[in-house]
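Under the working numbering, think of the first position of the sequence shown as 384, with each following residue one higher.
Every residue, glycine too, gets a C-beta built ideally from N, C-alpha and C.
Written below as structure tokens is the structure these notes are about.
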Amino acid sequence: MLEIQTLQVTAFEQNCRILIDTASSEGVVVDPGGDSESIISAIEEAGCTISGVWLTHSHLDHCGAVAPLLARYPVSLVGTEGEREMRRSVCVIASMYGLDSEEWPNCPEPDRYVIDGDEVFVGKHRAKVLFTPGHSPGHISFYFGDDGIVLAGDALFRESIGRTDLPGGDQEQLLGSIREKLLTLPDDTRVLSGHGPETTIGHERLYNPFFT
384 MLEIQTLQVT
394 AFEQNCRILI
404 DTASSEGVVV
414 DPGGDSESII
424 SAIEEAGCTI
434 SGVWLTHSHL
444 DHCGAVAPLL
454 ARYPVSLVGT
464 EGEREMRRSV
474 CVIASMYGLD
484 SEEWPNCPEP
494 DRYVIDGDEV
504 FVGKHRAKVL
514 FTPGHSPGHI
524 SFYFGDDGIV
534 LAGDALFRES
544 IGRTDLPGGD
554 QEQLLGSIRE
564 KLLTLPDDTR
574 VLSGHGPETT
584 IGHERLYNPF
594 FT
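Here is the structure:
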């Protein structure tokens, strides 16, 4: 079974997730946006062995805790190549938001770059990488087809979509990404978003005002 723990972290109320293959106790952390000690405590309490950290994208509220996590768990960081500048500017961007830059270290560069169609694993659970840009230039989603789950980052929300007014955002590109890569998934696919409650693909087809 694929166990999913959700931790709402930082003032941005971002959904960091710990995915655990219960058969092997192997786990990965997806989008550790901050509050690293809380994430580490959840990992230790779960008793899993972390094998990787995955990023849907590199806005500071999704990668703010990567550096301290990798210092604790020297594992592989998975992300896209096109967001290098965002990762090395976390500290500066935090200051622009009025945040304490010392609490927002720059994000290390991934040691594995992924592209559309690649596969990543949590134990025996396979996720396909879906390239879903628009909210950010290198945004990706992780689709666990056998488990009926997609981690959509900040691309698709319940009855909404990700904001596109940040540098590198493009609303038409985002709408195309969602139509082509997410709304083509089965209706009962659970959509785990980077903020707010989960939804399903079928619900968004019917009720998302951007597509109805």
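Environment of D570 [buried if 16+ CB atoms lie within 10 Å]:
exposed
Excluding the 5 residues preceding and the 5 following G521 in the sequence, name in chain order all residues of the same chain whose CB lies nearer than 6 Å to its CB.
T463, G465, E466
On the DSSP bridge assignment, give the partners of Y526 in chain order.
K511, V533
Quick one: does the C-beta of L589 sit closer than 8 Å to a heavy atom of the ligand MN?
Questions concerning the ligand MN fall outside what the structure shown contains, since it holds no ligand whatsoever.
Taking C-beta to C-beta, are A535 and L565 nearer than 9 Å?
At a Cβ-Cβ threshold of 9 Å, A535 and L565 count as neighbours.
Starting from G462 and walking both ways along the beta strand (DSSP E), at which residues does that stretch end?
459-462
Do Y590 and E542 have their CB atoms nearer than 9 Å?
yes
Buried or exposed by the 16-neighbour rule on C-beta atoms within 10 Å, applied to V413:
buried
Tell me which residues share the same chain as D499 and place their Cβ nearer than 7 Å to its Cβ, disregarding the 5 neighbours each side in the sequence.
V512, L513, F514
Nearest to E581 by alpha carbon, out of I523, E427, A538?
A538
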